[in-house]
Amino acid sequence: MRRVTAGTIQKVIEVRNLTEVTEFVGVGARYLSFYAYLINVKNQAFTWFLLIKDIGNKLKVNI
1 MRRVTAGTIQ KVIEVRNLTE VTEFVGVGAR YLSFYAYLIN VKNQAFTWFL LIKDIGNKLK
61 VNI
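Counting from 1, one number per residue, gives the positions in the sequence shown under the UniProt record's numbering.
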């Protein structure tokens, strides 16, 4: 049976922590990109609304 030194245990813990941090950052980035996507969709919807309203106003004026 191989003897496990304190240094090895420390390295394993460091690697595990790094993995957790990486996962956390990945999840955070996913949430941020989703949030940005939602904001973008909202802005596009608002732009379409303004465009349709503008077209409606022009039609009313023309009629």
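Where a beta carbon is used, it is the ideal one built from N, C-alpha and C, also for glycine.
Only a predicted model underlies this, so the values are computations on that prediction, with no experimental measurement involved.
To the nearest angstrom, how far is it from the Cα of residue i to the Cα of residue j?
i: Val4; j: Gly26; result: 32 Å
i: Lys11; j: Leu50; result: 58 Å
i: Tyr31; j: Lys60; result: 43 Å
i: Lys42; j: Gly28; result: 21 Å
i: Ala6; j: Tyr35; result: 43 Å
i: Glu20; j: Leu38; result: 27 Å
i: Asn40; j: Glu14; result: 38 Å
i: residue 66; j: Leu18; result: Look at the range of the chain in this structure, 1 to 63, and you will see that residue 66 is not part of it.
CB of residue i to nearest heavy atom of the ligand PLP: below 8 Å?
i: Phe34; result: The ligand PLP is not part of the structure shown, which contains no ligands of any sort.
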